[in-house]
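Counting in our numbering, the sequence shown runs from 115 upward without gaps. By construction, the Cβ of each residue, glycine as well, lies at the ideal position given by its N, Cα and C atoms. Keep in mind it's a predicted model, so treat the numbers as computed, not measured. See structure below.
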Amino acid sequence: MAIVKKKFFFAENVDPDTNQRLISKVDLKKTGFIVISKSGETIETLCIYFFFLNALKNKNINIKKRTLVITENKPSSLKIIQEKRDYHFFEHDKNIGGRYSVFSSVGLIPAKIAGAKIKDFCEGGQNILNDLQRIKSPELLYPIRGALVKTSLMRKGYNQSILLTYADRLINFTKWYVQLWSESIGKKNRGSTAISSIGTIDQHSQLQLFLDGPKDKFITILGLNKPQKSKKLDCKIAKEISFENLHGKSMGELFFAEKKATFQSLMKKKIPLRSIDLNQISEKILGKIVMSFFLETIYACKLLHINPFNQPAVEEGKILALKFLQNAKS
């Protein structure tokens, strides 16, 4: 996978402390800005934009040529800002929701700037779609099998869907999965709770619950199908004392052994699980697993007679937040 050529910072939460620390960390004179909101009215996005804009004004920095806005091409607060300030503009497709926008300008433009091979990424996604069109028995396709298994287990009371990754480069993928699954399937008193888990870190926190807690979990283990290459460790001092298993082994070998051990432990406890084993982590492979999880989520929603593309329940919270903001004492 391509090494990031430029530093990227995602200002995605309206915590003033975090954003002030980010402003202090970066060289604003050399920083470009991408402002993304499908509707152009996302109050958190607009708040963060003005937070940074005010900081830039205080330093007399003009970012007109270094700001890109991605939003729908229709009248909105963000579109008006873009036009008045003459920022660069890319249209956000009106038919694509945020969590499904990875293959659109929302995902591809930042990835391209960061140095990722976006053609390979898109090709990986297209390969999965080609398989879907070509296969004679759709239930044999991995995403459809996954949807069938997950919905069947949900009907039996398995109401937690855990994605446990043994690759730090896929941690953000698990966070995205939580949004994709939760916003898509959590409707009409149906669905399951998506949980992000990191091996080996969460073996020392969540794994006890997974193994010996309520039998209400379906677990996906995501990682490589072989140990990552790394140098053999010289642990002679430990060997001389009492611990010799690590000597002559690599960190990658330990990581892989931990993954296998977790899988076997869960199997022994008869926890429903699957293992997705990748031969490498590349843009093409990432495109494949993103598209696979798209399809799995969409098919699971269809099997439960749920619209996978909306999130109606959160609208009330948005309205209340605006009400409380208006009543806040300055």
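Once DSSP output is grouped into helix, strand and coil, what is the label at residue i?
i: Arg248; result: helix
i: His361; result: coil
i: Thr181; result: strand
i: Phe124; result: coil
i: Asn216; result: A quick correction: the sequence has Val, not Asn, at residue 216. Three-state result, Val216: coil.
i: Lys173; result: coil
i: Phe377; result: helix
i: Phe423; result: coil
i: Lys143; result: helix
i: Ile148; result: strand
i: Lys398; result: helix
i: Lys383; result: coil
i: Gly229; result: coil
i: Gly431; result: helix
i: Leu418; result: coil
i: Tyr201; result: coil
i: Asp129; result: coil
i: Lys443; result: coil
i: Gly221; result: helix
According to DSSP, what are the bridge partners of residue i?
i: Glu155; result: For Glu155, which the question treats as bridged, DSSP gives no partner whatsoever.
i: Lys331; result: Gln274
i: Asp391; result: Gly337
i: Glu186; result: Note: Glu186 sits in no beta bridge, so no partner.
i: Val404; result: BP columns for Val404 are empty, so no partner.
i: Glu367; result: DSSP output for Glu367 lists no bridge partner at all.
i: His206; result: Answer by DSSP bridge pairing: none, since His206 is not bridged.
i: Lys346; result: Ser364
Is it right to say residue i is buried, meaning 16 or more other beta carbons lie within 10 angstroms of its own, or is it exposed?
i: Ile194; result: exposed
i: Ala253; result: Per the sequence presented here, residue 253 reads as Glu, with Ala not at that position. Exposed, because fewer than 16 other Cβ atoms sit within 10 Å of the Cβ of Glu253.
i: Val149; result: buried
i: Arg213; result: buried
i: Leu380; result: buried
i: Phe324; result: buried
i: Lys331; result: buried
i: Glu126; result: exposed
i: Asp129; result: exposed
i: Phe438; result: exposed
i: Ser251; result: exposed
i: Asp348; result: exposed
i: Leu277; result: buried
i: Val428; result: exposed
i: Leu243; result: exposed
i: Lys384; result: exposed
i: Asn133; result: buried
i: Leu434; result: exposed
i: Ala103; result: Any answer about residue 103 is impossible in this case: the structure gives the chain only from 115 up to 444.
i: Leu436; result: exposed
i: Gly431; result: exposed
i: Ser344; result: exposed
i: Asp316; result: buried
Below 8 Å on the Cβ atoms is my contact criterion, and I expect residue i with residue j to pass it. Report the Cβ-Cβ distance as a whole number of Å.
i: Ser406; j: Tyr256; result: 6 Å
i: Thr185; j: His206; result: 5 Å
i: Ala228; j: Phe122; result: 6 Å
i: Leu387; j: Ile335; result: 7 Å
i: Gly313; j: Lys373; result: 6 Å
i: Ser275; j: Ser306; result: 5 Å
i: Pro422; j: Cys415; result: 4 Å
i: Thr279; j: Gly337; result: 6 Å
i: Leu418; j: Thr265; result: 6 Å
i: Lys402; j: Gly238; result: 4 Å
i: Lys203; j: Ile223; result: The question names Lys, but residue 203 in the sequence shown is Phe. No, Phe203 and Ile223 are not in contact; Cβ-Cβ is about 11 Å, not under 8 Å.
i: Asn170; j: Ile177; result: Inspection of the sequence shows that residue 170 is occupied by Leu rather than by Asn. That pair is a contact at about 6 Å.
i: Leu192; j: Gly146; result: Contact doesn't hold; Cβ gap of about 17 Å is too wide.
i: Glu397; j: Asp234; result: 4 Å
i: Arg304; j: Ile420; result: 6 Å
Which runs of the beta strand (DSSP E) spanning at least 3 residues fall entirely within the segment 234-321, listed in chain order? Along the length of the segment 234-321, whole beta strand (DSSP E) runs at least 3 residues long occupy 274-280, 307-312, reported in chain order.
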